[in-house]
Amino acid sequence: MAKDYYKILGVHRGASQDEIKKAYRKLAHQHHPDKASGDEGKFKEINEAYQVLSDKEKRSRYDQFGSAEPFGGFSAGGGGPFQGFDFDMGGQGFSGFGDVGEMMEDFLEGLGVKPHRRTYERGSDLEVALEISLEDAFRGAPKDLKIFTFVRCKECNGQGAASGSGLSPCSACDGRGEIRENQRTFFGTFSQVKTCTKCHGRGQVPKTACAVCKGSGRVSLDRAVHVDILQGVGNGQIIKMKGQGEAGEMGAPEGDLYVRVSVRPHSVFVRHGDDLAVKKELPVFDLLRGEKIEIPTINGGKLLVDIPPGFNLKELLRVRGEGMPHFGTHGRGDMLVDFSVKTPKKLSARAKKLLEELKEEE
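The opening position of the sequence shown corresponds to residue 312 in our numbering, with each subsequent residue numbered one higher.
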């Protein structure tokens, strides 16, 4: 009976990748064999469930067929040139030959041709969220993260074997990495090829398992990751870090790390692409005198700008080249100034007279 991976991780069938990842990390930490209350069997079961449900293709196959293996656990030739479904017609002309595919593989091995063996898949890709300030996005900034994940076991260098122990052929599959199961039916004998569950298709197992990683070649812990945030990075942008993901089993390569950047809202500026919008209160008398207007900039400085003659204050004043850097290229966006006119609460008699005189000049 197929395992219910969703039940193992305690999530529903429609769970998102984030929900699956959170459930996995919680359970892996709870049942890790290195802990006094750890459960190695449960830990392996949790890891097996996560390996399937965290992979889009494997999860789809599992949801459809109840197995993550292609074709619901039946091999269609990927394990060797004569593997897949073999047929014995139950004494109707071919029973004397037995399993033709197995005989041919034995023959090829005798000639020095090794059949294909499944290798361990690389580790899973990881995704983490990183929140930064708008100033970090403007200047670019180095960031250090900590992620809880599988890393290659240093004790055995990812091989899973104790020091000086080495590997030996798997006794369950005789070093083939696969197990052939025969099933007799009315139509003949069907030969089904499955990946060996003991060696996971590698064909070899440690003579003595590494005491640190229990033979898996990897351990789970918090790992430090350095990320360089480039100038102009956008909110929601994803940075791919090749080989910085989860370590694969038994020395298989690492997956990739995807860093999803989140830029915090700013108290002064609102970002629109590479443009920055800012609100500026403009005293009416400064406007009348035609004085330069002081505008704050994202780099912490001040900028003096002139209001063009006849400018409509209901529009945005565009200041070229004072916005965010263009990501991955040269140049910057613009500053967009949204003016609001500030009028005095009280006017002296002289001020009122001056305004009347100005009105007459219109």
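Cβ coordinates follow ideal geometry from the N, Cα and C atoms, glycine included.
{"query": "Coarse secondary structure for His577, derived from DSSP in three states", "result": "coil"}
{"query": "Boundaries of the beta strand (DSSP E) in which Phe354 is found, first to last residue", "result": "Counting along the chain, Phe354 falls outside any beta strand (DSSP E), though it belongs to the alpha helix (DSSP H) covering 351 to 364."}
{"query": "Where the beta strand (DSSP E) through Phe461 begins and ends", "result": "452 to 463"}
{"query": "Outcome for Ile549 when other beta-carbon atoms lying within 10 angstroms are tallied against a minimum of 16", "result": "exposed"}
{"query": "Leu541, enclosing alpha helix (DSSP H) - first and last residue", "result": "Note, Leu541: premise wrong, no alpha helix (DSSP H); not H, not E."}
{"query": "Neighbour-count burial assignment, Pro517, 16 or more Cβ in a 10 Å radius", "result": "buried"}
{"query": "Proximity test, Cβ basis, 8 Å: Ser659 and chain C", "result": "Absent here is chain C; the protein component of the structure consists of one chain."}
{"query": "Meets three-Cβ-pair contact criterion under 8 Å: the stretch 602 to 614 and the stretch 507 to 517", "result": "no"}
{"query": "Arg631 versus His323, Arg600, Val616, Asn546, residue with shortest Cα-Cα distance", "result": "Val616"}
{"query": "Span of the alpha helix (DSSP H), counted from its first residue to its last, around Glu368", "result": "367 to 376"}
{"query": "Cutoff 6 Å; reference Cys524; Cβ partners in own chain excluding five residues on either side", "result": "Cys464, Val530"}
{"query": "Cβ neighbours of Ile331 in the same chain (closer than 8 Å, five flanking residues each side left out)", "result": "Leu320, Val322, Tyr361, Leu364, Ser365"}
{"query": "Bridge partners - Gln494, DSSP secondary structure assignment", "result": "Phe501"}
{"query": "Beta-carbon gap between Ala339 and Phe354 smaller than 8 Å", "result": "yes"}
{"query": "Cβ-based neighbour list, Gly471, same chain, cut-off 7 Å, excluding 5 preceding and 5 following", "result": "Pro517, Ala520, Cys521, Cys524, Gly526, Ser527, Gly528, Met561"}
{"query": "Integer Cβ distance of Ser327 from Ala440, believed to fall under 8 Å", "result": "With 8 Å as the limit, Ser327 and Ala440 do not qualify as a contact, their Cβ atoms being about 14 Å apart."}
{"query": "Short Cβ contact (8 Å threshold) for Ala452 with Met635", "result": "no"}
{"query": "Buried versus exposed call for Pro392 [16 or more other C-beta atoms within 10 Å across all chains shown]", "result": "Only weak support exists for where Pro392 lies, its pLDDT of 39 falling under 50; the coordinates are left without a value."}
{"query": "Beta-ladder partner(s) of Arg534, from DSSP", "result": "Ile458"}
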